[in-house]
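Undergrad:
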Amino acid sequence: MPDLIAKEKKVQAALADLAADAAKLNRTVRIMEVGTGHTVAIQRAGIRALLPENVRLISGPGCPICTTPTGYIDGAIALAKRQNVLIATYEDMLRVPGTESSLAHARDDGARVQAVSSAFEAHLLANHNPDQPVIFAAVGFEASAPTTADVLTRARNADLRNLFVLSAHKLIVPAMEHVAADNVNRIDAFLCPGNLSVMTGYRAYEPIVARHRRPCVIAGFDPPQIIEAVARIVAQLADNDARVENVYTAAVGPDGYARAWEMIERVFRVESAEWRGFGTIPNSGLATNDTYKRFDAAQAFGIDLQGTGERPGCRCAYVITGHIDPPECPLFGRACTPEHPVGTCMVSTGGACHAWYKYRG
Ligand code: SF4
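883 is the number that our numbering gives to position 87 of the sequence shown; each next residue is one higher, with no gaps.
(1) When the Cα atoms are used, what is the spatial distance from residue 799 to residue 977?
(2) Going by DSSP, what residue range makes up the beta strand (DSSP E) through residue 1019?
(3) With a floor of 4 residues, list each alpha helix (DSSP H) that falls wholly inside the stretch 872–902, ordered by position along the chain.
(4) At the level of alpha carbons, what is the spacing between residue 956 and residue 871?
(5) Measuring CB atoms only, is the stretch 840–855 touching the stretch 1056–1064, in the sense that at least three cross pairs come out at less than 8 Å?
(6) Below 7 Å, is the gap between the Cβ of residue 1122 and the nearest heavy atom of the ligand SF4?
(7) Residue 1049 lies in the beta strand (DSSP E); which residues open and close that run?
(8) Can you tell me whether DSSP reads residue 1143 as helix, strand or coil?
(9) Determine which residues share a DSSP beta bridge with residue 828 and list them.
(10) Could you tell me the boundaries of the beta strand (DSSP E) in which residue 1095 lies?
(11) Classify residue 1136 as helix, strand or coil using the three-state DSSP reduction.
(12) Label residue 1111 either buried or exposed according to how many other C-beta atoms from any shown protein chain fall within 10 Å of its C-beta, with 16 as the threshold for buried.
(13) If residue 1029 and residue 1011 are in contact, beta carbons under 8 Å, what's the gap, nearest whole angstrom?
(14) Count the CB pairs spanning the stretch 821–835 and the stretch 966–983 that are closer than 8 Å, and state whether there are at least three.
(15) Give the DSSP-derived three-state secondary structure of residue 948 in the structure shown.
(16) In its own chain, which residues sit with a C-beta less than 7 Å from the C-beta of residue 860, not counting the 5 before and 5 after it?
(17) In this structure, how does DSSP classify residue 919 when only helix, strand and coil are distinguished?
(18) If you run the structure through DSSP and keep just helix, strand and coil, what is residue 1119?
(19) Please return the same chain residues whose Cβ sits closer than 7 Å to the Cβ of residue 806, not counting the five positions on each side in sequence.
(20) Tell me whether residue 942 sits in a helix, a strand or coil according to DSSP, three-state version.
(21) Cβ of residue 1111 within 7 Å of any heavy atom in the ligand SF4?
(22) Any idea if residue 913 is buried or exposed, counting beta-carbon neighbours within 10 angstroms, 16 or more meaning buried?
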């Protein structure tokens, strides 16, 4: 109980500071919540309603499924339709709409598509089905890429020949740099995701601050911590300051998780990547390097992953880039719901539209 009271007092103090600092600003400030964990926590806890009117939280590109472009989904569907190929991917990926279909629809039509909870499961499938090519549709940021890298290292060491990867692994910091450099949607500051910051370390954000003078504050997904981080951002903006600050000190250090980066660098190289809504972002994707080239499903099966179209009426690109809030999409809650998603942001539990719909009360 004393802990709860102390926590409540801390939140009240942070909100009071936030209100005082926001009053010093004679404009509306726009803070990008980069991670999906933040988007969900902010919606679930109703944090927007606690903030001063001139402090706006804008959803960002931190949902790996939402930012996967249509061309990737179309390519995975084309692969799934090939005879004797098995596509293994995360459950959420099955319902992501491609141009005309989804992996779930392809499965209903007879394609071999299986939901897995990790790259390790795809590895197991390949081991148990040696005559069948198993393609792991790998989606995720810095936090999930080491697992894919580990699995490919094991597959190479065991000379496993029927496991492939369709990599849509991405890096979040170059995406933030892109937002800051292009002044996408006039973002004033970043609320940096705790989970990915564990991997990157807080120093990873220093170039964004140095080059673009955008405060970067790291928080975990606990609502009091988010409020504390937003208060620190607004304090920096009120002082015309820009620094990296870390509220999530229990988990995030200066330099990230070196062992995991070694795993990534052993298997992948950094290259430009296509992001839904943003287009091509330099140095933001992970593709298998020369040593691991034979695992690349796009090359091995000659699949084109280009294509960035959206379904008619879908405004996901605007949501992902923070140009609109989900309810501003005409399909939100009408034609597009979690049960019947039209766009990718309504599919994943971390998608902005899904979170806004689920906690709309
Ligand atoms: Fe896309 Fe549906 Fe969200 Fe509209 S409501 S932006 S179609 S996910």
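For glycine and all other residues, C-beta sits at the position ideal for the given N, C-alpha and C.
As the structure is a prediction and not an experimental result, all values here were calculated from the model.
TA: On the basis of the data shown:
(1) The alpha-carbon separation between residue 799 and residue 977 amounts to approximately 42 Å.
(2) Run containing residue 1019: none in the beta strand (DSSP E); it sits in the alpha helix (DSSP H), 1019–1034.
(3) Whole alpha helix (DSSP H) segments, 4+ residues: 887–890.
(4) Between residue 956 and residue 871, the C-alpha separation is close to 23 Å.
(5) Taking 8 Å as the limit for Cβ pairs, the verdict is that the stretch 1056–1064 does not touch the stretch 840–855.
(6) Yes, the beta carbon of residue 1122 sits closer than 7 Å to at least one heavy atom of the ligand SF4.
(7) It is not in any beta strand (DSSP E) - residue 1049 carries neither H nor E in the DSSP assignment.
(8) In the structure shown, residue 1143 sits in coil (DSSP, three-state: anything other than H, G, I, E or B).
(9) According to DSSP, residue pairing for residue 828 in a beta bridge involves 854, 986.
(10) Counting along the chain, residue 1095 falls outside any beta strand (DSSP E), though it belongs to the alpha helix (DSSP H) covering 1093–1096.
(11) Secondary structure of residue 1136 (DSSP, three-state): coil.
(12) Burial state of residue 1111 is buried, judged by a 10 Å Cβ sphere holding 16 or more other Cβ atoms.
(13) The beta carbons of residue 1029 and residue 1011 sit about 5 Å from each other, so the pair counts as a contact at 8 Å.
(14) Contact between the stretch 821–835 and the stretch 966–983 is present, because at least three Cβ pairs lie under 8 Å.
(15) In the structure shown, residue 948 sits in a helix (DSSP, three-state: H, G or I).
(16) In chain order, 935, 936, 937, 966 place their CB closer than 7 Å to the CB of residue 860, counting only its own chain and leaving out the 5 sequence neighbours on each side.
(17) Looking at residue 919 - three-state DSSP - the assignment turns out to be helix.
(18) Under the three-state reduction of DSSP, residue 1119 is assigned to coil, being neither helix nor strand.
(19) The answer, listed in chain order, is 1020.
(20) For residue 942, the three-state secondary structure derived from DSSP is helix.
(21) Yes - the ligand SF4 has a heavy atom lying nearer than 7 Å to the Cβ of residue 1111.
(22) Within a 10 Å sphere around the beta-carbon of residue 913 sit fewer than 16 other beta-carbons, which makes this residue exposed.
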